[in-house]
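Student:
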Amino acid sequence: GDSVTQMEGPVTLSEEAFLTINCTYTATGYPSLFWYVQYPGEGLQLLLKATKADDKGSNKGFEATYRKETTSFHLEKGSVQVSDSAVYFCALSDLTGGFKTIFGAGTRLFVKA
Amino acid sequence: GAGVSQSPSNKVTEKGKDVELRCDPISGHTALYWYRQSLGQGLEFLIYFQGNSAPDKSGLPSDRFSAERTGGSVSTLTIQRTQQEDSAVYLCASSSAPGGVTGNIQYFGAGTRLSVL
Chain H
1 GDSVTQMEGP
11 VTLSEEAFLT
21 INCTYTATGY
31 PSLFWYVQYP
41 GEGLQLLLKA
51 TKADDKGSNK
61 GFEATYRKET
71 TSFHLEKGSV
81 QVSDSAVYFC
91 ALSDLTGGFK
101 TIFGAGTRLF
111 VKA
Chain F
1001 GAGVSQSPSN
1011 KVTEKGKDVE
1021 LRCDPISGHT
1031 ALYWYRQSLG
1041 QGLEFLIYFQ
1051 GNSAPDKSGL
1061 PSDRFSAERT
1071 GGSVSTLTIQ
1081 RTQQEDSAVY
1091 LCASSSAPGG
1101 VTGNIQYFGA
1111 GTRLSVL
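First to last, the protein sequences are chains H and F. If you count by the numbering used here, then the first sequence holds residues 1 to 113, one letter each, in order. If you count by the numbering used here, then the second sequence holds residues 1001 to 1117, one letter each, in order.
Structure (structure tokens):
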């Protein structure tokens, strides 16, 4: 079945460092891909998405490119801030997978001032 | 409402008791999802509603778990005879698009933290 694998955390960075959180997926169809973020004490919220190969999703300085050839959707940000400290979830939604969205295990990011 | 609302935010119960968790989705959202998030784990899908019907219940872990939705709005997740392994954060999400639609975005509540002693 469909699955999402993302790098284990926690990831600890200093402010203004470059961030990469790796995400790879397996899917039988042509999924839409998402990154959700969960700030402390809050629910998950959509960060960005891409619905077809080579699409780039971007928001709040974060970006991720849908790479079908490598089945990847890595999250990147050029300069992180303390306020980016959160848990990041990679997810996919696949029509052939039914109604559910499949989430990765989440990667916790700590950014130090 | 402005967002997805879940209640209670925290619930402590004794093993063997029944609990009810409530979710108020965003007004007008026809799709509603329940997930479970255990410590250090990702989101585990439990059940999906489209309107008042549940076309996908495949994630419910046992027959102690049930859910219903009334009026196409509020949903209740019930756990009977709770066990310690039921301790987790239960998340609800709603969406304006049916499940499986390309690019379907889900809006999450803050969750209910359930602790079974």
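All C-beta atoms in this analysis are idealised placements derived from N, C-alpha and C, irrespective of residue type, glycine included.
1. Does DSSP put Q1084 of chain F in a helix, a strand or coil?
2. In chain F, which residues lie with their C-beta within 8 Å of the C-beta of T12 of chain H?
3. Kindly confirm or deny that the stretch 1057–1073 of chain F and the stretch 1030–1046 of chain F touch, where touching means at least three C-beta pairs closer than 8 Å.
4. Flag A105 of chain H as yes if its beta-carbon sits less than 8 Å from any beta-carbon of chain F, otherwise no.
5. Who are the near neighbours of F1108 of chain F in its chain, counting only those whose CB is closer than 8 Å to its CB and skipping five residues on each side?
6. Hey, out of H:A27, H:L44, H:K49, H:V82, whose CA is closest to Y88 of chain H's CA?
7. Do we get a CB-CB distance below 8 Å when we pair G1016 of chain F with the residues of chain H?
8. Whose C-alpha, out of H:E69, H:S79, H:T70, H:T71, is nearest the C-alpha of E63 of chain H?
9. So, G1072 of chain F versus N1104 of chain F, is the Cβ gap smaller than 8 Å?
10. Below 8 Å on C-beta distance, what does I1105 of chain F contact in chain H?
11. For V1012 of chain F, which residues from the same chain have a beta carbon less than 6 Å from its beta carbon, with the 5 sequence-adjacent residues on both sides left out?
12. Quick check on DSSP: helix, strand or coil for D84 of chain H?
13. I'd like to know whether the C-beta of Q1041 of chain F is nearer than 8 Å to at least one C-beta of chain H.
14. If you measure beta-carbon to beta-carbon, which residues of the stretch 61–95 of chain H are closer than 9 Å to chain F?
15. The beta strand (DSSP E) that contains D1024 of chain F, what's its start and end?
16. The beta strand (DSSP E) with D1056 of chain F in it runs from where to where?
17. Do you know offhand how far K68 of chain H's Cα is from T1082 of chain F's?
18. From L1117 of chain F to Q1084 of chain F, what distance separates their C-alpha atoms?
19. Using a beta-carbon distance below 8 Å, is V1004 of chain F in contact with chain H?
20. Out of curiosity, what's the CA-to-CA distance linking E1014 of chain F and S1087 of chain F?
21. To the nearest angstrom, how far is it from the Cα of F73 of chain H to the Cα of K1017 of chain F?
Tutor: In this structure, then:
1. Sequence index remark: in the second sequence, residue 1084 of chain F carries index 84 (1-based). Helix at Q1084 of chain F.
2. One-based indexing of the first sequence puts residue 12 of chain H at position 12. Neighbours of T12 of chain H in chain F, taken as residues at a C-beta separation under 8 Å, are lacking, since the least C-beta distance is about 17 Å.
3. A contact exists between the stretch 1057–1073 of chain F and the stretch 1030–1046 of chain F.
4. Along the first sequence, read from residue 1 onward, the residue named residue 105 of chain H stands at position 105. Interface flag for A105 of chain H against chain F is set, since a Cβ pair is found closer than 8 Å.
5. What you label residue 1108 of chain F is simply residue 108 of the second sequence in a count that begins at 1. If we look at F1108 of chain F and ignore the five residues flanking it on each side, its Cβ neighbours are V1004, L1091, C1092, A1093.
6. By one-based count along the first sequence, residue 88 of chain H stands at place 88. Nearest option by C-alpha distance: H:L44.
7. Here residue 1016 of chain F refers to the residue found at position 16 of the second sequence. No, because no Cβ of chain H sits closer than 8 Å to the Cβ of G1016 of chain F.
8. The residue given as residue 63 of chain H occupies position 63 in the first sequence. Its Cα nearest to that of E63 of chain H, the residue H:S79 stands out among H:E69, H:S79, H:T70, H:T71.
9. Indexing the second sequence from 1 puts residue 1072 of chain F at position 72. Indexing the second sequence from 1 puts residue 1104 of chain F at position 104. For G1072 of chain F and N1104 of chain F, no; Cβs fall outside 8 Å.
10. Counting from one through the second sequence, the residue named residue 1105 of chain F turns up at place 105. Ordered by position in chain H, the residues that pass the 8 Å Cβ test against I1105 of chain F are F34, L46, K49.
11. Position 12 of the second sequence, counted from the first residue, corresponds to residue 1012 of chain F. Scanning its chain for C-beta atoms nearer than 6 Å, with the 5 sequence neighbours on each side dropped, one finds around V1012 of chain F the residues S1115, in chain order.
12. For the purposes of this step, residue 84 of chain H is identified with residue 84 of the first sequence, where counting begins at 1. In this structure, D84 of chain H counts as helix in the three-state DSSP scheme.
13. Here residue 1041 of chain F corresponds to residue number 41 of the second sequence, with the count starting at 1. True, the Cβ-Cβ gap to chain H drops below 8 Å.
14. Under the 9 Å Cβ criterion, the stretch 61–95 of chain H contributes F89, A91, S93, D94, L95.
15. Numbered from 1 along the second sequence, position 24 holds the residue referred to as residue 1024 of chain F. Per DSSP, D1024 of chain F belongs to the beta strand (DSSP E) from 1019–1024.
16. Residue 1056 of chain F sits at position 56 when you count from the first residue of the second sequence. The continuous beta strand (DSSP E) containing D1056 of chain F extends over residues 1053–1056.
17. Position 68 of the first sequence, counted from the start, is the residue given in the question as residue 68 of chain H. Position 82 of the second sequence, counted from the start, is the residue given in the question as residue 1082 of chain F. Taking the Cα positions, K68 of chain H is about 43 Å away from T1082 of chain F.
18. Translated into positions along the second sequence, residue 1117 of chain F becomes position 117. Translated into positions along the second sequence, residue 1084 of chain F becomes position 84. Approximately 6 Å, taken between the alpha carbons.
19. The count along the second sequence starts at 1 and reaches residue 1004 of chain F at position 4. For V1004 of chain F, the nearest CB of chain H lies under 8 Å from its own CB, placing it at the interface with that chain.
20. Counting from 1 along the second sequence, the entry for residue 1014 of chain F is found at position 14. Counting from 1 along the second sequence, the entry for residue 1087 of chain F is found at position 87. Taking the straight line from one Cα to the other gives about 11 Å.
21. On the first sequence, residue 73 of chain H is found 73 positions in, with the first residue counted as 1. On the second sequence, residue 1017 of chain F is found 17 positions in, with the first residue counted as 1. The alpha-carbon of F73 of chain H is positioned some 43 Å away from that of K1017 of chain F.
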